[in-house]
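Read through the structure below, which is laid out as structure tokens, and then see the notes.
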Amino acid sequence: MYVIINKKRCMLMCIPVLAAGLIIGSLLSIIPGEKTFGYGSGKILKVVIDAGHGGPDGGAVGINDTVEAEINLEIAKKLETVLNGKGIDTVMTRTDNEGLRAQNSDGWRKTEDMRMRLQMIKKSDADFFISIHMNHFRQSSVHGLRLFYASNHEEIKPLAENMQKKMSEITGAKVSTVSAADKRLFLMKSPPMPAILAECGFLSNAAEEKNLADEEYQAKLAWAIAEAVEAHFMGDEQPSSES
Ligand SMILES: [Zn+2]
């Protein structure tokens, strides 16, 4: 069907509509929580991914000798791939199983490694920081997810809750209360951007250790984390039922 449009009338009708659209668009861009990143926003979301531990510091060791640092890196790499696929920029604090050390240092030191990670996080000018870890407890029956957020960025708690929900939905892992990170955790003490530390499961639980060492299970966790990040920063985040 052809529609004959009167040019003059169209101009008169279109200008107010366009103007209203521009005003609404600019208002949305200054309201916190509205779409700030992604298609149409002109801004690309940047995420720092930290694979916990590395080098001589292997982190927790599973009851069947799974090394935390290695699993952390596997999930971090998968997360990087999924986020990049969504058009999200990433910065990795480490990309291999060596720890971080300065070029002129004579050996690896935990304090130097942590300081270098913090420097990378500060320099990154990223919008969000996630640290991947595995848990360990003396009672082997304890299992499930534990997510923490940096207490100087309380506004990120809903993302931590949604992230845990998505991780649990896809893997079946048990959920627990999302809480503020202990200030003794160096990178979570007062990060310059919102930050979440995800303990993806307990290596001290045989069944969970087996899952965490499985490539497909790792991919599911990475996918769930990426989906939650995308929903929070670039789309519609469903309010979590957890208070
Ligand atoms: Zn750890």
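Per my numbering, the sequence shown runs over residues -3 to 239.
Just so it is clear, CB atoms sit at the ideal spot from N, CA and C, and this is done for glycine as well.
- Considering only D109, I84, F198, the residue with the shortest C-alpha distance to S37 is I84.
- The beta carbon of L217 is closer than 7 angstroms to those of I71, M163, T167, C196 in its chain, skipping five residues each way along the sequence.
- Cβ contact annotation for A156 (same chain, cutoff 6 angstroms, sequence separation greater than five): L143, Y145, V174, I192, in chain order.
- In this structure, the straight-line span from the alpha carbon of S136 to that of M130 is close to 14 angstroms.
- Secondary structure of K170 (DSSP, three-state): coil.
- In the three-state DSSP reduction, R142 falls in the strand class (E or B).
- Under DSSP, the beta-bridge partners assigned to I192 are I126, Y145.
- For S147 against A176, the beta-carbon gap comes to about 4 angstroms, under 8 angstroms, which counts as contact.
- Sixteen is the threshold: since fewer than 16 other Cβ atoms of the shown chains lie within 10 Å of the Cβ of I40, the residue is exposed.
- For A56, the Cβ falls inside the 7 angstroms cut-off from some heavy atom of ligand 1.
- In this structure, the straight-line span from the alpha carbon of T77 to that of I221 is close to 12 angstroms.
- For H228, the Cβ stays outside the 7 angstroms cut-off from all heavy atoms of ligand 1.
- The Cβ atoms of D46 and I128 lie closer than 8 angstroms to each other.
- DSSP places N131 in the strand class (E or B) of the three-state scheme.
- Between T86 and M116, the gap from beta carbon to beta carbon reaches 8 angstroms or more.
- Taking C-beta separations shorter than 7 angstroms and ignoring five residues to either side along the sequence, the partners of G95 in its chain run G50, G51, P52, D53, W104, D109, following chain order.
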